[in-house]
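Asker:
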Amino acid sequence: MSRSLVKPLVAGAVIAISCAALSAGPATAQDSQVRVPNFWDPKAVHDRPAAIPDKIQFLATDDYPPFVFRDPQGRLTGFNVDLARALCQELGSSCSLRIKDFEVLLPALEEEEGDAVISGLSRSLPSTRRLNFTDDYLKLPARFVVPKDQAETFDEQKLTGKAIAVETGSRYEAFVTRFWPEANVLSLESEAAAREAVMSGKADAHFGDGLSLSFWLPSEAAEGCCAFAGGPWLEAGYFDQGMAIVTRQSDPERAAALNYALRQLHQKGVYRELYLRYFPLSFY
1 MSRSLVKPLV AGAVIAISCA ALSAGPATAQ DSQVRVPNFW DPKAVHDRPA
51 AIPDKIQFLA TDDYPPFVFR DPQGRLTGFN VDLARALCQE LGSSCSLRIK
101 DFEVLLPALE EEEGDAVISG LSRSLPSTRR LNFTDDYLKL PARFVVPKDQ
151 AETFDEQKLT GKAIAVETGS RYEAFVTRFW PEANVLSLES EAAAREAVMS
201 GKADAHFGDG LSLSFWLPSE AAEGCCAFAG GPWLEAGYFD QGMAIVTRQS
251 DPERAAALNY ALRQLHQKGV YRELYLRYFP LSFY
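For the sequence shown, the UniProt record's numbering begins at 1 and goes up steadily by one.
1) So L109 and R248 are in contact, right, with Cβ under 8 Å, and what is the actual spacing, rounded?
2) For E152 versus F144, is the C-beta distance shorter than 8 Å?
3) What is the DSSP secondary structure of E167, reduced to helix, strand or coil?
4) Going by DSSP, what residues sit across from residue 335 in a beta bridge?
5) Have a look at N132 and S122 and give me their C-alpha separation to the nearest angstrom.
6) Within 10 Å of its beta-carbon, does E189 have 16 or more other beta-carbons around it, so buried, or fewer, so exposed?
7) Does the pairing of the region 191 to 199 with the region 127 to 142 give three or more beta-carbon distances under 8 Å?
8) In chain order, which continuous runs of the alpha helix (DSSP H) of length 4 or greater are located wholly inside the region 233 to 282?
9) List the endpoints of the continuous beta strand (DSSP E) containing V187.
10) Taking only runs that begin and end inside the region 43 to 89, name each unbroken beta strand (DSSP E) of 3 or more residues, in chain order.
11) Can you tell me where the alpha helix (DSSP H) holding A205 begins and where it ends?
12) Among A174, P49 and W180, whose alpha-carbon lies nearest the alpha-carbon of K158?
13) From K139 to Y172, what does the alpha carbon distance come to, in whole angstroms?
14) Excluding five sequence neighbours on each side, which residues of the same chain lie with their C-beta closer than 8 Å to the C-beta of G92?
15) Taking the runs of the alpha helix (DSSP H) that are 4 residues or longer, which of them lie wholly in the region 102 to 144?
16) If contacts are defined as beta-carbon pairs under 8 Å, then A203 and L87 qualify, I think. What distance do you get, rounded to the angstrom?
17) With C-beta atoms as the reference, is A213 less than 8 Å away from F283?
18) Short check: CB of L105 to CB of S119, under 8 Å?
19) Counting only the same chain and skipping the five closest in sequence on each side, list residues whose C-beta sits under 6 Å from that of L211.
20) Could you give the DSSP three-state label for A194: helix, strand or coil?
21) Inspect the beta-carbon positions of L234 and I245 and report whether they are closer than 8 Å.
22) Identify whether A229 lies in helix, strand or coil by the three-state DSSP scheme.
23) Strictly by DSSP, which residues pair up with V146?
24) Would you decide whether N80 is buried or exposed? Buried here means 16 or more other CB atoms lie within 10 Å of its CB.
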């Protein structure tokens, strides 16, 4: 998953992450209706690794909402921040987070300025192929959005003649063109233009990034127009790359410990609580 290289607000800062208790809390009726992704086999048994690190210093950039960002008071927050805190709590390790510019995260890891990068690095980059990646803790699917009154009747297997708005040159355009050749692909200059096409009735549906759409749908900009329909889509070669934590190749023990902790957080319901906290409109 590629990212633009944007300079964060405070480069080089180190923030200690308190391991105050993180409770999943009781599930509500509303929560039970939300689709929370599961990337771990519930039947698999994994023993606690013998080698647990005493400390983990995470590296990240703070311009990456809702994963790592600063709130209006300048405090560091986000899904990845709370996930890092929960991982360290599960392992009983002390934890800190060092903020760096995105383009220097890998050099900082290699120079041992930190132990693990939690900032959406892609496995496909040549510079990351020699590193250890944990299991994915989040995948970013593609989704359809349609006018709200058509969400229940939308059938993604019957798109002949339907106008599907997509961003020109995007993987979403490539996917729709390949898998729904009978549809009328409406290629527009931006994601915003593709969304507007659905709002105005120029398109029957928009196919795009589920994560960003989950924040757009309840926003004022969407004017309550639309809803998710069908999917989610995680087709290999298009939308299967997920978010993982990266460690040095020489540090497989730390990666193994983090993998164990990720599975434990899911089994204990902590992952679900974090997902609902930052993604109240599930993109799954």
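Beta carbons are placed, not taken as given, at the ideal position from N, Cα and C, and that holds for glycine.
Answerer: Well, looking at it:
1) 6 Å
2) no
3) strand
4) Here the chain covers residues 1 to 284 and nothing more, so residue 335 does not appear.
5) 12 Å
6) exposed
7) no
8) 252 to 267 and 270 to 278
9) Per the sequence shown, residue 187 should be read as Ser rather than Val. Its beta strand (DSSP E) spans residues N184 to L188.
10) Every beta strand (DSSP E) of 3 residues or more that sits fully in the region 43 to 89 is shown, in chain order, as 55 to 60.
11) Here A205 belongs to no alpha helix (DSSP H); instead the beta strand (DSSP E) covers A205 to D209.
12) W180
13) 16 Å
14) I52
15) 105 to 110
16) At roughly 42 Å, the Cβ-Cβ gap does not stay under 8 Å, so A203 and L87 are not in contact.
17) The sequence given here places Leu at residue 213; Ala does not occur at that position. Judged by beta-carbon spacing, F283 lies within the 8 Å limit of L213, meaning their Cβ atoms are closer than that value.
18) yes
19) L140 and F283
20) helix
21) No, these two residues do not count as a Cβ contact at 8 Å.
22) The answer is strand: DSSP assigns A229 an E or B state.
23) A227
24) buried
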